[in-house]
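First the structure, in the form of structure tokens, and then the observations on it.
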Amino acid sequence: MSVPVTEQTFDELVLERSHQLPVVVDFWADWCAPCKALSPALEAAAAAREGRMELAKVDVDANQRLAALYRVQGIPAVKAFRGGAVVEEFTGALPPAGVEAFFDRLVPSRADDLLAAGDELSLREAAVLEPNRADVAVALGKARLARGAEDEALDAVANHEADFAAAGIAARIHLCAAGIAADAFAALDRGDREAALDGLIEEMGEADRSDGSADPDPAEQRDLLRRAIVGILSEIDPADPTARAYRRKLATALG
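Numbering-wise (our numbering), the sequence shown opens with residue 41 and increments by one.
Here is the structure:
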């Protein structure tokens, strides 16, 4: 929850407090529609970091000297204070992802800490805290795959179809259920990405030569294999020669 700050309380609630933890100040006005649009994203980002930073609000109409002192020329204007000084700022209504990135530069969220911990229990908590984060879902899906819980892994990534890595995990699970590309995924689990990618691309050729009686059918097999390959490639630096080489191989396999 944000704390209203005035010219009389600014030194104590912002400058002095910022020596203990970061304080983000939202310079706003009641008549400002973009300010009202931005406020929920600020509140959500602050709530995700409760106890590790604070959010303050300054009404520029009622505190014009503060607005002038900090050179507020347009609102909303958001300034982050640490050690009594402004260390980060932006003007205008950023989308929620932009607000999260701004806050992440000051202090990671609880979900970030849990993701860094990496164990399944931590990842489950992170997924509850921030269910829209695909990176958390992918990590949780991998953790569940590692212990052989395919259905639970599929559930972890189910709402993240637009993310390549998440879609790749889902494709892997469907392929394995059909008995397809098990050796390739075993290679991936051993850390041999190139062998895994070669095996998946070879499976695409096998699907092309199928008589069509398999389940899933050849077209669906190819699509699942493509998703699995793209999912693996999405986690490799695009500048890596391996990624470039296998993108070309995939393009050739797709015809």
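Each residue gets a CB set at the ideal place from its N, CA and C atoms; glycine is no exception.
Predicted model only: the values in this text are computed from it and were never measured.
- Where A141 is concerned, the enclosing alpha helix (DSSP H) starts and stops at P136 to L146.
- The criterion of a C-beta distance shorter than 8 angstroms is not satisfied by A285 and G245.
- The three-state reading of DSSP puts R150 in helix, counting H, G and I together.
- If the five residues before and after A205 are omitted, its C-beta is found closer than 6 angstroms to the C-beta atoms of V178, G271, S274 and E275, all from its own chain and listed in chain order.
- The Cβ atoms of I220 and E201 do not sit closer than 8 angstroms to each other.
- For L82, the enclosing alpha helix (DSSP H) covers residues A73 to A87.
- A straight-line Cα-Cα distance of about 39 angstroms links V98 and L161.
- In terms of Cβ geometry, E94 and L134 do not form a close pair [threshold 8 angstroms].
- V139 is positioned such that its CB atom lies no closer than 8 angstroms to that of A96.
- For A117, the three-state secondary structure derived from DSSP is strand.
- By the Cβ test, the stretch 208–218 is in contact with the stretch 183–191, since at least three Cβ pairs between them sit closer than 8 angstroms.
- The C-alpha of N172 lies about 13 angstroms from the C-alpha of D152.
- Take the alpha-carbon of A196 and the one of P258: they are about 27 angstroms apart.
- Comparing alpha-carbon positions, the option among G123, P80, F143 and R122 lying closest to F130 turns out to be F143.
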